[in-house]
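In this text, residue positions in the sequence shown follow this note's numbering: the first is 1, and each later residue adds one. For reference, the structure discussed in these notes is given below.
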Amino acid sequence: MDTEKITINIGAMDLGNIDLLVEQCFYTNRSDFIRTAIRNQINAHSNELKKITSDMSVFGMARFNRKELEKMYEIGKKLNLKLIGMLVVDNDVPVELFKKTMESVKVYGIINAPAEIRKLVIQKQDE
Numbered sequence: 001m002d003t004e005k006i007t008i009n010i011g012a013m014d015l016g017n018i019d020l021l022v023e024q025c026f027y028t029n030r031s032d033f034i035r036t037a038i039r040n041q042i043n044a045h046s047n048e049l050k051k052i053t054s055d056m057s058v059f060g061m062a063r064f065n066r067k068e069l070e071k072m073y074e075i076g077k078k079l080n081l082k083l084i085g086m087l088v089v090d091n092d093v094p095v096e097l098f099k100k101t102m103e104s105v106k107v108y109g110i111i112n113a114p115a116e117i118r119k120l121v122i123q124k125q126d127e
């Protein structure tokens, strides 16, 4: 699965402690420490996440291409997509077709789509 780069601000003492743990070979690098800390926090909240995510329609990756969406449009099917992971929309998908086939879209994670569709998904999430 793809990863996405994020930026965080961290205090000098915390960063110094991370660097010390890396130097002592507890972690391979700063990123390894941060990924481990994030996974530990997700695990610590696993019961809450299970309750919250019970109505999610996709876990992992959902990929849509033009042919698929055209078939959906022809039969009058509209999706209510709630996704944890990554949404991938192929570059050949016109934004109007995407609009016509998606009733609602909520993505918790990465959106890998043409710029106009990415912007549309972000706007729909804010509504």
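Glycine is no exception: its CB is placed at the ideal position from the N, C-alpha and C atoms.
{"query": "Anticipated Cβ contact below 8 Å, T101 with M72, distance rounded", "result": "5 Å"}
{"query": "8 Å CB neighbourhood of E116 in its chain, flanking five on each side removed", "result": "V95"}
{"query": "Nearest residue (CA-CA) to T65, options I18, D14, F98 and V121", "result": "Checking the sequence shown, residue 65 turns out to be Asn, not Thr. For N65, the nearest C-alpha among the options comes from F98."}
{"query": "Cβ shell of V88 (< 8 Å), same chain only, five flanking positions each side left out", "result": "M61, A62, R63, F64, N112 and A113"}
{"query": "Buried versus exposed, by CB contacts within 10 Å (16 or more), I18", "result": "buried"}
{"query": "Best match in I10, E23 and E70 for proximity to V93 [C-alpha to C-alpha]", "result": "E70"}
{"query": "Residue nearest to G85 in terms of C-alpha spacing, selected from K67, E103 and S57", "result": "S57"}
{"query": "Check whether S104 and L81 have beta carbons under 8 Å apart", "result": "yes"}
{"query": "Entirely enclosed beta strand (DSSP E) segments - the region 42-96, minimum 3 residues", "result": "58-64 and 79-89"}
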